[in-house]
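In the working numbering, the protein residues as written are 48 to 187.
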């Protein structure tokens with residue numbers, strides 16, 4: 048899936064979950080955004096510089112687990128810098144924080160060097176995306 052296709056599918060300020068299976072490993076990564084990933088609007092915009100637009104959310108988190116049958120050992124990292132919970136940049140399909148967990152073409156980049164999320168997910172890694180799924184989260 049291309050960055051542009053992801054952006055077209057996942058538009059608007061809508062609670063969303065993304066799951067990413069990566070190649071050559073059993074790891075699965077994901078993230079929850081209470082404000083969506085793209086086309087969020089300016090209501091939650093907190094900062095803008097160097098081509099990045101940063102959006103506020105106190106509910107977002109990213110996670111990983113070793114395989115699809117081992118959800119007991121999930122590593123979860125909650126957002127700690129609320130003003131940069133989601134960033135929008137032309138080069139990414141989605142971006143939690145500034146590069147904490149983001150899609151760039153067919154790559155998943157995981158790097159929490161900016162300390163926007165807790166540091167519980169394996170970091171400083173690049174993976175090829177095997178499969179990606181996104182879901183709209185609703186309340187019943």
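Note that CB positions come from ideal geometry on N, CA and C, so glycine has one too. Note that the structure is predicted; figures quoted are calculated from it, not measured.
On the three-pair Cβ rule with 8 Å, is the stretch 64 to 72 touching the stretch 85 to 92? At 8 Å Cβ cutoff, the stretches do not touch.
If you follow the beta strand (DSSP E) that residue 93 is in, where does it begin and where does it stop? For the purposes of this step, residue 93 is taken as residue 46 along the chain shown, with counting starting at 1. Note, residue 93: beta strand (DSSP E), 92 to 96.
Between 164, 176, 160, which lies nearest to residue 151 when the distance is taken from Cα to Cα? The sequence position of residue 151 within the chain shown is 104, counting from 1. Between residue 151 and the set 164, 176, 160, the nearest pair of CA atoms involves 176.
Residue burial classification, residue 132 (beta-carbon count within 10 angstroms, cutoff 16): For the purposes of this step, residue 132 is identified with residue 85 of the chain shown, where counting begins at 1. Counting Cβ neighbours within 10 Å, residue 132 comes out buried, since at least 16 surround it.
In the DSSP assignment, find the unbroken beta strand (DSSP E) run with residue 175 in it and report its ends. If you number the chain shown from 1, residue 175 lands on position 128. First-last of the beta strand (DSSP E) with residue 175: 172 to 183.
So which of 121, 143, 171 has the shortest CA-CA distance to residue 73? Locating residue 73 in the chain shown gives position 26, where the first residue counts as 1. Nearest of 121, 143, 171 to residue 73, Cα basis: 121.
Let me check understanding here. Comparing Cα to Cα, which of 186, 160, 142 lies closest to residue 77? Locating residue 77 in the chain shown gives position 30, counting from the first residue. Of the listed residues, the one whose Cα sits closest to residue 77 is 142.
Ordered along the chain, which non-local residues of its own chain (more than five positions away) have a Cβ less than 6 Å from that of residue 64? As a first step, residue 64 is located in the chain shown; it is residue number 17 there, counting from the start. Excluding sequence neighbours, residue 64 sits near 79, 182, 184.
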